[in-house]
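Participant:
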Amino acid sequence: MNRYLANVNGWTIGAILIIILLFIPNVSIVTGIFSSASENWAHIKEYMLVNYIKSSLTLVFFTAMFTVVIGLSLAWLIAQYDFPLRSFMKWALILPLSIPPFIGAYTYHGIVNYTGVIQKTLRNQFEIVPNPSFFDIMNVPGAIFIYTLFLYPYVYMITRIFLSHQSASLIESARTLGKGPWEIFLKVVIPISRVSIIGGVSLVVLEVLNDYGVVKYFGIQTFSTAIFQTWFGLGDLDSSIKLAASLMGIVIFILIIERILRGGKQYSYSTTKVRPLPLVKLKGKSAVFATMYTLVIFSIAFLVPVIQLMDWVILTFGKVPMGEVLVYTRNSVTVAALSATLIIVFSLIVGNFSRIVHHKFAKLLPKLTILGYSIPGAVIAVAVVTTFIALDRFLAPVYEFIGIDSGLVLSVSLFMLISAYIIRFFAIGYNSIESGFDKIGTDFRDASRMLGVSRLRTFFKIDVPMMKGAIISGFVLVFVDILKEIPLTLILRPFNYDTLATKAFQYASDEKIMEASQASLLIVGVSAIAIIIFHKLLREEPK
Amino acid sequence: MKRSMIFLVVAMMLVLSACSSANNTNTKNEAAKTGSEVKTGEVNLYTSRHYDVDNELYKKFEEETGIKVNVIKGEADELIERIKREGTATKADILLTADVGRLFRAKEDGLLQEVSSDILSKQVPSNYRDTDDMWVGLTKRARVLVYNKDKVKPEDLSTYEALTEDQWKGRVLVRSSESVYNQSLLASFIEINGEEKAKEWAQGIVNNFARNPEGGDRDQAKAIAAGIGDIAIMNTYYFGQMLNSQEPEEVKVAENLGVFFPNQETTGAHVNISGAGVVKGSKNAENALKLLEFLTAEEAQAKFASANYEYPVNNNVEPSELLKSWGEFKEQDIPLSTLGENNAKAIMIFNEVGWK
Amino acid sequence: MFIDIQDLSFTYSNSLTKAVNCISFTIEKGEVISILGRSGSGKSTILRLIAGLEMPDEGSFTLNGKKIMDDRTFIQPEKRGIGMVFQDYALFPHMNVEENILFGLSKMSRKDKKRRVNEVLELVELEGFEKRYPHQLSGGQQQRVALARAIAPEPELILLDEPFSNLDADLQVKIREDLRRILKKANTTAVFVTHNINDAHALADRILKIKDGKIDKIGRPCDLLGSTSELPNTGEVIFEELLPV
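Residue numbers (this note's numbering), protein chains in the order written: chain A, 115 to 657; chain B, 28 to 383; chain C, 41 to 285.
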């Protein structure tokens, strides 16, 4: 009796199929590592790589550091203390995630530049002409500032959920041992949240590594600049794929480090023992401080840019064609919701497979899908186009048979774009689902099966409802990410298909940030609604 | 409450997915229909221009001819790569880019086909058309010098090359070398003055930088106003946009600046074009030609000129009032395709001299 | 023979040594068997193998004349008709007590289901708790709900994994009594795993002592564990409990 073969069933087959599909396009990139170097390679190596990697690492390091400091401190405040505005801040602090970093960069530059509201007011109302370099954010520290503001919610969100649900007994026992709040924070909170901090910060790192919008506008040269400079400038796509493949290598390296840091620990809890962390009410100065701190972060990361965007919308009202705004919004919401749903369904299938099959590969393989998240979208786009055109060629006889008079069917449909989203964002959804599976463990499933209930029914009646939180948060994360996605949407969409993000980009890329404000604000609005619904759904869970 | 919420979300998702699949079948039906109805009317456009005025013109074209214009917008190189991979099956009929270098690259890759007609030749002067008729220019923009009227006298200005002189140390503003406009500027110098001289020029500009390059063209103008530098290299139409901005402060900034067309006594000011070519294997080549003729005809050209502060390529059309106020100017006299040929070399020079 | 297990062996995929090494035993109908051993001795693994939650390297298992597994057959756990109470009870947190119990009842009319729920709740003395959620129950109550849930489908065999480990010491004694009463009243065949000699002594008709994945000893509690003096914390209670056996 072969124990591994005995696990072959619908789940396994489904999961393996999904993983293969996610991998195929990436294969063409991975093989790029081994392609022979072009005549440009020496130039790239001498003039681009070293410096660009240096600035990439600087950005990654400091952004990671600041997002951890801000995300963790906010998570700790919200999870442990009660203070004025807490229940609002609890979800409001996630909202900055709805602002695409490149829009954030344009907006902040718009605020602080010479004709921006700050310098303008100082100059015209107070006749103060400040040193303009003081307000210069188009540099490495400025980019770190932008990334930190709009990416810290990844760390905040994941860590807060962990702290409120899983840390009660540890923190309380520390308190009974006579430890003060700072000591508890340093000696208990930080070590026990390590896994969730690393989970959040690795998303931040990947976002920073493959971002192109912010660094391009700020004129900072990073690894992704090198990739695009090589492709667009030197016209050498092969070398640029080679670069992207090395980026993949770096990411795999980071992943391995993450695994080592996690030390293979798996936390799973049984519900009977889990209770929420009771809140400590803050009074006086400390309450004021807590409220102020969260308010300041919320303001600069969300309120200020949104107000500026609103101001621009009013300023350009009537100057920007508005007739089709509803169509763009609908397109954005539809394609994001559909893709996010598919990603969650696929993640559930793969996650369940990885849980059932006790084999190293079953755990490792799905992890590798994060590669799709680690390389710049435009490079994935090339891989996806190639794959789909091959698919269309393969299906040509079928098209002919059913009477379609065209060689390209799939590759000019929305299907290609959605597939690309799935390849790119699968890891985000999967992360969430996997941690959900980790959390519920296998006892409930076993218990259900011992009650004579089939695997499939167990899955729908036990696993899915128990993972509601993970499913919803995974869905919202993916949804918001897709809503603001740019390169894939731009290049892989069908004819005449515009979304909010492509509209915003269209103006912003031509330095018309004011005209871009309308679409940008709608992206923020739709994402904010998704986040609010997510918050409502989670809050109403029986506790 | 909880149940109803979940129900709501699920219902929403179902509706949405139904919508989108309906969308899908719609587009497929359309594709099938047009296939069988013997190409009465569509033309598929891959474009890297993102202007609202373009959309207006396409709509106008649809109204006049009944030919539907389908559009995919993206970055030029991504679009070229997509056409390349789609091969002979491509749906694209026209490739439209905001930089002639990209058209050159598409031509080199064998993605374009010859397109010519008497109307086109009449509407577009030959220097804005490809020598092999693979592409045709639609609009042009000049890369000029913009200066602080208070600190710089126009008499002090002469050529791009003069900006490398010592008197401009710490005063020159320009955006990063990632901008295709800078790349084609340097590419033109490689063509006119040779690689070595071009590199000297780039090095000289780097030495005179007022600050490390950052931001877009508009930001260079603002930096002059802020007193960071005194002179900037930027495109004409960005300057036009600033003068007509919704933000009064931007207008104020632009009003304090002067426009100078350099190299008028020597090699001429640098000009780049937006242009388009018909894709090889196009299934609607006739419609594509019609669209190109339409876009270079007087009506459309006037629209380009007034809405976007670009110079028309059609000699019968006057530039906008603003552009006219800057006067006529002498252009570089080199085949535009050389901008594409020298593009990669230009980037290497930028990297070598440390022009960020 | 009601239950017949032969040559059961099992190795975890990340280990080289056998967690369960060639174990054979039989059980009579209505008998309560205790598997006693230190943690890591492989006792819980035996339980999971009987349940079908793990797949053995080799071995055979028949239940009431029905072949459950051998070289060629492997009946999935949900088809075995075996009930199980988990160490931490695994009560579904999103279902109330009634829903938890109903979950295992199928192919029954609605009325029968309702009747069965009442029956088992009465058996575990938790009438009136139908609408409570697991987190609103005490540890002892949760344990009894888990038991009721496992008994409700009338399994031919019920497995209990460390049923007392999560309970307070004084509660343990009480629950132990209840458990034995309930099992005997329902005439259920049961196998339970424990590391506590007292539990084994008090509950079991027979004890299987496991060491390093092998059967160390097997026999009646009094034979196997000798006099009660060997037991820690002995007292009259335990002695009295032993009397009826």
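From the three backbone atoms N, C-alpha and C, an ideal C-beta is built for every residue, glycine too.
Just checking residue 286 of chain A against the ligand FMN - is the residue's beta carbon closer than 8 Å to any of the ligand's heavy atoms?
Facilitator: The ligand content of the structure shown is nil, which means the ligand FMN is not present either.
Participant: At 4 residues or longer, what runs of the alpha helix (DSSP H) sit wholly inside the segment 220 to 277 of chain A?
Facilitator: Counting whole runs of 4 or more residues, the segment 220 to 277 of chain A contains the alpha helix (DSSP H) stretches 231 to 240.
Participant: Can you tell me the Cβ-Cβ gap for residue 492 of chain A and residue 605 of chain A, rounded? I've got them flagged as a contact below 8 Å.
Facilitator: Confirmed, Cβ separation roughly 7 Å.
Participant: Counting C-beta neighbours from all protein chains within 10 Å, is the total for residue 232 of chain A 16 or more, i.e. buried, or is it exposed?
Facilitator: Residue 232 of chain A is exposed by the Cβ-count criterion.
Participant: Indicate whether the contact test is met: 3 or more Cβ pairs, each with one atom in the segment 588 to 597 of chain A and one in the segment 413 to 426 of chain A, closer than 8 Å.
Facilitator: Because the criterion of three Cβ pairs below 8 Å is not met, the segment 588 to 597 of chain A and the segment 413 to 426 of chain A do not touch.
Participant: I want to verify the contact list: residues of chain B whose CB lies under 9 Å from the CB of residue 325 of chain A, in sequence order.
Facilitator: Correct list: empty, because the minimum Cβ distance to chain B is about 14 Å.
Participant: Hey, is the segment 188 to 206 of chain A in contact with the segment 242 to 261 of chain A, meaning 3+ C-beta pairs nearer than 8 Å?
Facilitator: Segments in contact, no.
Participant: Return the chain-ordered ranges of every alpha helix (DSSP H) run that is complete within the segment 268 to 337 of chain A and spans a minimum of 4 residues.
Facilitator: If we require 4 residues or more, the alpha helix (DSSP H) runs fully inside the segment 268 to 337 of chain A come out as 282 to 290, 295 to 298, 308 to 324, 327 to 332.
Participant: Any idea what DSSP makes of residue 436 of chain A, helix, strand or coil?
Facilitator: Residue state, collapsed to three classes: coil.
Participant: Please list the partners that residue 253 of chain B has in chain A, where partner means a Cβ-to-Cβ separation under 7 Å.
Facilitator: Residues of chain A passing the Cβ test: 228, 246.
Participant: Compare the Cα-Cα distances from residue 143 of chain C to each of A:564, A:291, A:444 and report the closest residue.
Facilitator: Residue A:564 is the option with its Cα nearest to residue 143 of chain C.
Participant: Indicate whether residue 150 of chain B and residue 306 of chain B have their beta-carbon atoms separated by less than 9 Å.
Facilitator: Not in contact: residue 150 of chain B and residue 306 of chain B (Cβ atoms no closer than 9 Å).
Participant: When the distance is taken between beta carbons, is residue 230 of chain C closer than 9 Å to residue 108 of chain C?
Facilitator: No.
Participant: DSSP on residue 179 of chain A, reduced to helix/strand/coil?
Facilitator: DSSP places residue 179 of chain A in helix when its eight states are reduced to three.
Participant: Locate the beta strand (DSSP E) running through residue 109 of chain C, then write down its first and last residues.
Facilitator: Counting along the chain, the beta strand (DSSP E) containing residue 109 of chain C begins and ends at 106 to 109.
Participant: Measuring only between beta-carbons, confirm whether residue 146 of chain C sits less than 9 Å from chain A.
Facilitator: Output row for residue 146 of chain C: interface = yes.
Participant: Is residue 52 of chain C buried or exposed, if buried means 16 or more other CB atoms sit within 10 Å of its CB?
Facilitator: Exposed is the call here.
Participant: Determine the direct distance from the alpha carbon of residue 296 of chain A to that of residue 381 of chain B, and round the result to whole angstroms.
Facilitator: Approximately 47 Å between the Cα atoms of the pair.
Participant: Go ahead and label residue 257 of chain B buried or exposed: buried means 16 or more other beta carbons lie within 10 angstroms of its beta carbon, across all protein chains shown.
Facilitator: It is buried - the Cβ of residue 257 of chain B has at least 16 other Cβ atoms within 10 Å.
Participant: According to DSSP, is residue 179 of chain B helix, strand or coil?
Facilitator: If DSSP states are grouped into helix, strand and coil, residue 179 of chain B belongs with coil.
Participant: 9 Å is my cut-off, CB to CB: does residue 54 of chain B come that close to chain A?
Facilitator: Because residue 54 of chain B carries a pLDDT of 41, less than 50, the predicted location of this residue cannot be relied on, and no value is offered for it.
Participant: Output needed in chain order: residues of the segment 240 to 272 of chain B with a Cβ under 8 Å from some Cβ in chain A.
Facilitator: Within the segment 240 to 272 of chain B, the qualifying residues are 240, 241, 242, 243, 244, 245, 246, 249, 250, 252, 253, 254, 255, 265, 268, 272.
Participant: Short of 8 Å Cβ to Cβ, which residues in the segment 134 to 158 of chain C face chain A?
Facilitator: If the cut-off is 8 Å between Cβ atoms, the segment 134 to 158 of chain C has 134, 143, 144, 146 near chain A.
Participant: In the structure shown, what three-state DSSP assignment does residue 215 of chain B receive?
Facilitator: If DSSP states are grouped into helix, strand and coil, residue 215 of chain B belongs with the helices.
Participant: According to DSSP, residue 201 of chain C sits in a beta bridge with which residue or residues?
Facilitator: Beta-bridge pairing links residue 201 of chain C to C:233.
Participant: If you pair each beta-carbon of the segment 172 to 179 of chain A with each one of the segment 308 to 324 of chain A, do three or more pairs fall below 8 Å?
Facilitator: Yes: the two stretches touch, three or more of their Cβ pairs being nearer than 8 Å.
Participant: My assumption, with CB atoms under 8 Å, is that residue 207 of chain C sits in contact with residue 215 of chain C. Please give the rounded CB distance.
Facilitator: Residue 207 of chain C to residue 215 of chain C, Cβ: 6 Å. Contact.
Participant: Using CA coordinates, which residue listed in A:131, A:207, A:307 is at the minimum distance from residue 413 of chain A?
Facilitator: Of the listed residues, the one whose Cα sits closest to residue 413 of chain A is A:207.
Participant: Please name the residue or residues paired with residue 71 of chain B in a DSSP beta bridge.
Facilitator: According to DSSP, residue 71 of chain B bridges with B:97.
Participant: Apart from the five residues on each side of it in sequence, which residues of its chain come closer than 7 Å, Cβ to Cβ, to residue 223 of chain A?
Facilitator: The answer, listed in chain order, is 251, 252.
Participant: Mind checking the segment 311 to 337 of chain B against chain A and listing, in chain order, the residues whose C-beta falls within less than 7 Å of any C-beta there?
Facilitator: Hits within the stretch: zero.
Participant: So with CB distances below 9 Å, who are the chain B contacts of residue 345 of chain A?
Facilitator: Chain B residues near residue 345 of chain A: 104, 105, 108.
Participant: Mapping the DSSP letters down to three states, classify residue 297 of chain B as helix, strand or coil.
Facilitator: Strand.
Participant: Within 9 Å (strictly less), CB to CB, does residue 375 of chain B reach chain A?
Facilitator: Yes, because at least one Cβ of chain A sits closer than 9 Å to the Cβ of residue 375 of chain B.
Participant: Assign residue 55 of chain C to one of three DSSP states: helix, strand, or coil.
Facilitator: It is coil, neither helix nor strand.
Participant: Measuring CB to CB, does residue 479 of chain A end up less than 9 Å from residue 468 of chain A?
Facilitator: A contact, by the Cβ cut-off of 9 Å.
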